[in-house]
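Just so we're aligned, residue 1256 is where the sequence shown starts under our numbering, counting upward by one.
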Amino acid sequence: MIGETMTLKQTPLNAAHRAMGAKMVDFGGWDMPVNYGSQIDEHHQVRNDCGMFDVSHMRVVDMKGASVRAFLRYLLANNVDKLKAPGKALYSTMLLENGGVIDDLIVYFMNEEWFRIVVNAGTADKDIAWMKQQAALHAPELSIADHPELAMIAVQGPNARAKVWEALPGSRELTENLVTFSAVEMGTMFIARTGYTGEDGFEVMIPAKAAPFFWATLAEKGVKPIGLGARDTLRLEAGMNLYGQDMDESVNPLESGLAWTVDLKSERDFIGKAALLANPPTRKLVGLVLLDRGVLRSHQQVHCAQGIGEITSGSFSPTLEKSIALARVPKDVQVGEDVQVAIRDKMLAAKVVKYPFARNGKGLI
């Protein structure tokens, strides 16, 4: 209705963010903290020590049933047959028939009748509807249930694991030998050695009613809260795609730097495979570093000798103290080439580089 204001969804930590002085913003219909002061300080905090993020707007989906592995083999572009050890995780895209990206997600193999999937907040309802639609056609006996009663807190940085062990008695014994991209259950909690920053750490799924206590305990141990602003610059430096910017339903993963997540070698069929094989990529995702003064932003045009491309994500990099970007450009553009970026009415010089730009506390460019 005209004149009505939409009520923003809140995570179980909303009051905690406000008590910590967070600047709150509308993020895809959620009332979320963009920063708690200095976004750049928060960025350095994660690269050099550790910080905690409220990612409770992400959605946890459990698929259960005897045919779950066979169904996921068809549903996802990456191959779940790679998942053999309980708790092991796989990053994948989920595609439309035409090869466009519905979402990128993480799938955890728990046992042969239970796989857990974490999907993006803004696409969660669409994702679950698609999963149920496909299951009705191919695996009607499967149960697909999401868990809005679970909150999620990410603790990221070189000291993240040690801080979680301090805050969560008993967690060290369970997780000290947990390899990256795997998870373990701890009572009603689910601890995954995953993240979206290019740093080590955990993402902890926890019952919503327990989340404020865990958040407060982490804070008592010296873990600082980090907002969405620093989360974005951290993931950009780490060369990690953001759904809705670096890929969406209009582009395929092969043109989004995600060929490594698409298994075209095995004989199995999956949704979107025929389209990917029939339409070889004409573009690719590359890294850019700006050589002139200015800031790279999404949608700016990139002028290459081979044609025109476009920045998908761009920002100032606090780690490199330079402006960096991911850009979709003609496939023949090579690392080391000089290009020009149209910023307002100027053409500024930039160089094509191999990303990630920074990981594990240091710059790589």
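Ideal placement from N, C-alpha and C gives every residue a C-beta, glycine not left out.
Report the partner residues of residue i according to the DSSP bridge assignment.
i, result
"P1480", "M1307"
"N1585", "Strictly speaking, residue 1585 in this sequence is Pro, with Asn absent from that position. BP columns for P1585 point to R1538."
"S1558", "Rather than Ser, the amino acid found at residue 1558 in this sequence is His. Partner(s): I1563 and Q1595."
"W1285", "K1264 and F1282"
Once DSSP output is grouped into helix, strand and coil, what is the label at residue i?
i, result
"D1382", "helix"
"E1522", "coil"
"T1516", "helix"
"I1620", "coil"
"R1371", "strand"
"E1475", "helix"
"T1488", "helix"
"A1344", "strand"
"E1396", "coil"
"E1510", "helix"
"E1458", "strand"
"S1426", "helix"
Roughly how many angstroms separate the alpha carbons of residue i and residue j, rounded to a whole number?
i, j, result
"Q1561", "L1509", "19 Å"
"E1421", "V1362", "28 Å"
"A1466", "L1473", "11 Å"
"Y1610", "R1538", "16 Å"
"S1511", "I1399", "29 Å"
"D1503", "D1380", "15 Å"
"V1584", "W1515", "18 Å"
"S1570", "A1321", "46 Å"
"D1593", "G1618", "21 Å"
"K1479", "H1272", "11 Å"
"L1423", "M1307", "14 Å"
"G1484", "Q1555", "20 Å"
"S1383", "V1315", "Contrary to the premise, residue 1383 reads as Ile rather than Ser in this sequence. Near 10 Å, if we compare the C-alpha coordinates of V1315 and I1383."
"L1603", "F1445", "47 Å"
With a cut-off of 8 Å on the beta carbons, I'd call residue i and residue j a contact; round off their distance for me.
i, j, result
"E1458", "M1386", "About 21 Å; that fails the 8 Å criterion."
"L1551", "I1579", "7 Å"
"K1601", "V1544", "Going by Cβ atoms, the distance from K1601 to V1544 rounds to 17 Å, so no, they are not a contact pair."
"I1461", "L1405", "7 Å"
In or out: residue i buried (at least 16 other Cβ within 10 Å) or exposed?
i, result
"F1326", "buried"
"P1573", "buried"
"V1323", "buried"
"T1443", "exposed"
"L1350", "buried"
"M1261", "exposed"
"S1293", "exposed"
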